[in-house]
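Taking it in order: structure first as structure tokens, then the write-up.
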Amino acid sequence: MGTPPGCSHPPAGRWAGRIGRLRLLLGSALGAVLLTSCVAVPSSGPVTEAENPVTDQDLTIRYVAPGPVPGMSPSQVVVGFLDAQQAFPASVETAAKFLTPDAAEAWRPSSRTVVYEDARPQGSDATVQLVARRVAGVSARGDYRPAPSERLGPLYRYGLERIDGEWRITNPPDATFVSSSAFLRYYRPYSLYFPDVTRRLLVPEPVWLPIGASLPTQLLLGLVDGPSARLGRAVSTAVPGATEEVSTVVGSDGVAVVRLPASAGSLS
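Residues in the sequence shown are numbered from 2 upward in steps of one, following the working numbering.
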């Protein structure tokens, strides 16, 4: 089953090497800047508090994926569909344009996340098979499951048909396909906390979720959904179900206003 990644355990072993090299490069670059401009670095001054603290989302590169263009081949449509799912802030609006109308209406991209790399579409005309390395799967609540094998192999078979002369996908998987590089850029580790059976301790359960405006609601939904089966009966939850009625809005003061279902009225 594997151990979900946390702050001290990256989602895949080889990613740790990449991050280490990135830190080394950044450290070298910073050192070069300090050496060449040390005379301009102030050595004294007051400590002030920033009015608008910088967040992870502020430091993340925005990406607006292009939509379909006339004359795309089936393989190009599949590549475009995958690329559109890497958009940030997260949105599936452009990705849905690569689907037939019926497929777009039935598509459920929030059901789960598939992390992949080395994608290679193969085939033509009405069928395109996506060959890639499956890195991990992430449930809707953020439970991370590394792939048992990271070998290159068939990941999904897309069916296509012509709509007004243009190829469109008919059978998208109920998932969001995210490349390993996009996962590192846009997803962060968090913890959901559940009381133990004595109601004296809180037990953290790690999850991976995309940063953005919907993050507070996603964390809340994970709490309301309750602990995963892997925690067994070691923990409990006092929050009822009915996750479809749960939402949250975070104000400018950082306070979250939570809307729970009517059944939560009995809580202390």
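Beta carbons: idealized from backbone N, C-alpha and C, even for Gly.
Can you check whether the CB of A120 is closer than 8 Å to the CB of L83? Residue numbering aside, residue 83 sits at position 82 when the sequence shown is read from its first letter. Residue numbering aside, residue 120 sits at position 119 when the sequence shown is read from its first letter. L83 places its beta carbon less than 8 Å from that of A120.
If you reduce the DSSP assignment to three classes, tell me which class A263 lands in. Here the question's residue 263 lines up with position 262 in the sequence shown. It is helical.
Just curious, the beta strand (DSSP E) that P137 is in, first and last residue? As a position in the sequence shown, residue 137 is number 136, starting the count at 1. According to the sequence displayed, residue 137 carries Ala and not Pro. Unbroken beta strand (DSSP E) run through A137: 128-140.
3 or more residues per run - each beta strand (DSSP E) lying fully within the segment 121-205: 128-140, 145-147, 153-164, 167-170, 177-180, 188-196
Straight-line CA distance for A176 to L210? Taking the first residue of the sequence shown as position 1, residue 176 is located at position 175. Taking the first residue of the sequence shown as position 1, residue 210 is located at position 209. A176 and L210: Cα-Cα distance of roughly 14 Å.
Per DSSP, what kind of secondary structure is D254 in: helix, strand or coil? Stepping through the sequence shown from its first residue, residue 254 is reached at position 253. Coil.
With three or more C-beta pairs closer than 8 Å as the rule, is the segment 221-232 touching the segment 173-190? No, the segment 173-190 is not in contact with the segment 221-232.
Among S125, R109, Y117, which one has its Cα closest to the Cα of W168? Against the sequence shown, residue 168 aligns to sequence position 167. Nearest of S125, R109, Y117 to W168, Cα basis: S125.
Given that a residue counts as buried once 16 or more other Cβ atoms are within 10 Å of its Cβ, and exposed if not, what is Y194? Residue 194 sits at position 193 when you count from the first residue of the sequence shown. Looking at its Cβ environment, which holds fewer than 16 other Cβ atoms inside 10 Å, Y194 is exposed.
Going by C-alpha distance, which of V179, P155, A127 is nearest V139? The sequence position of residue 139 within the sequence shown is 138, counting from 1. Nearest of V179, P155, A127 to V139, Cα basis: V179.
Report the three-state DSSP secondary structure of G14 (helix, strand or coil). Within the sequence shown, residue 14 is the residue found at index 13, counting from 1. For G14, the pLDDT reaches just 45, beneath the cut-off of 50, and the residue's location in the model is therefore unreliable, although a value from the coordinates is still provided. In the structure shown, G14 sits in a helix (DSSP, three-state: H, G or I).
Span of the alpha helix (DSSP H) holding P69? As a position in the sequence shown, residue 69 is number 68, starting the count at 1. No alpha helix (DSSP H) contains P69, which DSSP labels as neither H nor E.
CB of T171 within 8 Å of CB of A96, strictly: By 1-based counting over the sequence shown, the position of residue 171 is 170. By 1-based counting over the sequence shown, the position of residue 96 is 95. No, Cβ-Cβ distance for T171 and A96 is not below 8 Å.
When the Cα of V250 is compared with those of A230, P228, P262, T218, which residue comes out closest? Position 249 of the sequence shown, counting from 1, holds the residue named residue 250. Among A230, P228, P262, T218, the Cα nearest to that of V250 is on T218.
Using 8 Å as the threshold, is the C-beta distance between R142 and V204 below it? Numbered from its first residue, the sequence shown carries residue 142 at position 141. Numbered from its first residue, the sequence shown carries residue 204 at position 203. Result no, Cβ atoms of R142 and V204 do not sit closer than 8 Å.
I want to check one thing, is the minimum distance from the CB of S125 to the heavy atoms of the ligand NAP below 7 Å? Absence of the ligand NAP from the depicted structure is noted, as is the absence of any ligand whatsoever, leaving it without description.
Please determine, among T199, V79, A88, the residue with the shortest C-alpha to C-alpha distance to I62. For the purposes of this step, residue 62 is identified with residue 61 of the sequence shown, where counting begins at 1. The shortest Cα separation from I62 among T199, V79, A88 belongs to A88.
Decide yes or no for the touch test of the segment 141-155 against the segment 65-85: beta carbon pairs closer than 8 Å, at least 3 of them. no
In the structure shown, what three-state DSSP assignment does R231 receive? The sequence position of residue 231 within the sequence shown is 230, counting from 1. The answer is helix: DSSP assigns R231 an H, G or I state.
Let me know the secondary structure DSSP gives S248 once reduced to three states. The sequence position of residue 248 within the sequence shown is 247, counting from 1. In the structure shown, S248 sits in a strand (DSSP, three-state: E or B).
Determine the extent of the alpha helix (DSSP H) in which V225 is found, giving its start and end residues. Position 224 of the sequence shown, counting from 1, holds the residue named residue 225. Counting along the chain, the alpha helix (DSSP H) containing V225 begins and ends at 216-226.
Using the three-state DSSP reduction, which class does F99 fall into: helix, strand or coil? In the sequence shown, residue 99 corresponds to position 98, counting from 1. Coil.
Taking 8 Å as the limit between beta carbons, can you name the residues of its chain near L232, skipping five residues before and five after? Taking the first residue of the sequence shown as position 1, residue 232 is located at position 231. Answer for L232: F195, V204, E206, listed in chain order.
Inter-residue Cα distance where the pair is R134 and S192: Locating residue 134 in the sequence shown gives position 133, where the first residue counts as 1. Locating residue 192 in the sequence shown gives position 191, where the first residue counts as 1. Roughly 27 Å separates the two Cα atoms.
Span separating the alpha-carbon of K98 from that of P122: The residue you call residue 98 lines up with position 97 of the sequence shown. The residue you call residue 122 lines up with position 121 of the sequence shown. Taking the straight line joining both Cα atoms gives about 19 Å.
Answer yes or no: do P110 and V93 have a C-beta to C-beta separation smaller than 8 Å? Counting from one through the sequence shown, the residue named residue 110 turns up at place 109. Counting from one through the sequence shown, the residue named residue 93 turns up at place 92. A contact, by the Cβ cut-off of 8 Å.
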